[in-house]
Structure formats: C-alpha cells, structure tokens
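Participant:
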Amino acid sequence: MKILLPYDGSDYCFKAFEYVIEHIQTLGRCEIYILNVQKGYLPGTVETSYMSLDSCSYKDTSIQNRTHGKIYLESIRKAVTFFKSNNIEVNVLIGFGHPAEVILDVSRLEYFDMIVMCTHGMGAAKRFTLGSTTDKVVHYSNVPVLIIR
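Quick note on the UniProt record's numbering: the sequence shown kicks off at 1 and runs consecutively.
1. Considering Cα atoms alone, identify which of C30, N91, D135 and V92 is closest to M1.
2. Report the residue from L109, P144 and V92 whose alpha carbon sits nearest the alpha carbon of M117.
3. Distance, Cα to Cα, H23 vs K39?
4. Can you name, in chain order, every residue of its own chain whose Cβ lies under 6 Å from the Cβ of F83, other than the five neighbours on each side?
5. If the criterion is Cβ atoms closer than 7 Å, does the pair Y33 and L93 meet it?
6. Give the single residue among Y7, R149, I115 and L109 whose Cα lies nearest to the Cα of L73.
7. Here's the rule I'm using: 16 or more other beta-carbon atoms within 10 Å means buried, otherwise exposed. How should T134 be labelled?
8. Apart from the five residues on each side of it in sequence, which residues of its chain come closer than 6 Å, Cβ to Cβ, to T48?
9. Answer with buried or exposed for D60, where buried requires no fewer than 16 other C-beta atoms within 10 angstroms of its C-beta.
10. Rounded to whole angstroms, how far is the Cβ of L5 from the Cβ of V20, which I believe are closer than 8 Å?
11. Do G97 and L35 have their beta-carbon atoms positioned less than 7 Å apart in this structure?
12. By Cβ distance below 6 Å, which residues in the same chain neighbour residue 150 in space, the five residues on each side in sequence not counted?
13. From L109, M114 and I103, pick the residue whose C-alpha is nearest to that of L146; which is it?
14. With a floor of 4 residues, list each alpha helix (DSSP H) that falls wholly inside the region 71-119, ordered by position along the chain.
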C-alpha cells in the first residue's frame, strides 16, 4: 500500500503520523511518503510541480535549486526523524503551488492508494470563506482520504 502524508510543518500533522505508526501492522506492507508543499514557486506543468528528496539532502539546512529556490528542511527533518525513531522508513516529496492541488496531483500521478492527513479543526464558516485544504482534498480525491483530528 502506498500512503501519502501531507505535511505542513504543524504539530497537528503528527497526529496523522502517530495514527499511521500505530496501524502500520494492520495496513500490511506500506510505502510511506511525506509531502510538503511550498507556496513560493509555481511551475509550468503539473508533472514538474513536485520533486523527490533523498536522504543525502538532509545534510544541509536548505537545498539550493536554480528552478525552485531555497527549501528549508528543518521541519521536514523533524517529520523524518519522528518516523525513523519508530524504525519506519519514509520518502519525502516537496511540492510547489497550492497545497490542495499539489496533494491531489501527486496522489493521482504517483498512484497512491490512500491519503492520511490532519485537519486543523476549522469551523464551517471559516472553511467556507477561507477554503480548507483538507476539505478540497476530501471532495476531489480519487483515492480514500483518512482525516485525523
């Protein structure tokens, strides 16, 4: 099973991480991917709107990339360390653009089986006026979405 875990750097996301760690035995063999979306750069096509990061990239505190600029890795390192401390290997994807759109595009293009994400507990009125990443992903995803609150 290929699981996508969107990560915005907040502590709320760790609830979703904890859920996956607690239930990984029942899910069977899993490939876990953490997706962090940077809002700064908007690439021209969906196919170039995300990139993969290998573990050697964590040696620096940032990645300098001509196309995408600097990506600060401290919060991503925290998430990877959380999984590694539980003896679980994770892969990291960095997306660029609007979070909900990137999450949906990555899940579709990379053939994920499930998305597990947190919600910040935003009320209906705020969600209506601001738009909620979680709400958009739930409504437009072509794979199951598990929401952890």
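Ideal placement from N, C-alpha and C gives every residue a C-beta, glycine not left out.
Facilitator: From the atom records:
1. Position 1 of the sequence shown holds residue 1. Out of C30, N91, D135 and V92, C30 has the C-alpha closest to the C-alpha of M1.
2. Along the sequence shown, one-based indexing puts residue 117 at 117. Minimum Cα distance to M117 is reached at P144.
3. By one-based count along the sequence shown, residue 23 stands at place 23. By one-based count along the sequence shown, residue 39 stands at place 39. For H23 and K39, the distance between alpha carbons rounds to 31 Å.
4. Numbered from its first residue, the sequence shown carries residue 83 at position 83. The residues are V90.
5. By one-based count along the sequence shown, residue 33 stands at place 33. By one-based count along the sequence shown, residue 93 stands at place 93. A contact, by the Cβ cut-off of 7 Å.
6. Mapped onto the sequence shown, residue 73 falls at position 73. For L73, the nearest C-alpha among the options comes from Y7.
7. One-based indexing of the sequence shown puts residue 134 at position 134. Buried: at least 16 other Cβ atoms inside 10 Å.
8. The sequence position of residue 48 within the sequence shown is 48, counting from 1. Any answer about T48 is weak, because its pLDDT of 46 lies below 50 and its placement is not dependable; what the coordinates show is given next. Cβ neighbours of T48 beyond the five flanking positions: none.
9. Looking up residue 60 in the sequence shown gives position 60. Residue confidence for D60 is low, a pLDDT of 41 falling below 50, so the modelled location carries little weight; the figure read from the coordinates is stated next. Under this definition D60 is an exposed residue.
10. Within the sequence shown, residue 5 is the residue found at index 5, counting from 1. Within the sequence shown, residue 20 is the residue found at index 20, counting from 1. With 8 Å as the limit, L5 and V20 qualify as a contact, their Cβ atoms being about 7 Å apart.
11. Residue mapping note: residue 35 aligns to position 35 of the sequence shown, counting from 1. Residue mapping note: residue 97 aligns to position 97 of the sequence shown, counting from 1. No, these two residues do not count as a Cβ contact at 7 Å.
12. Limits of the chain in this structure are 1 at one end and 149 at the other, which puts residue 150 out of reach.
13. Numbered from 1 along the sequence shown, position 146 holds the residue referred to as residue 146. Selected option, being the one with the closest Cα: M114.
14. 74-84 and 99-109
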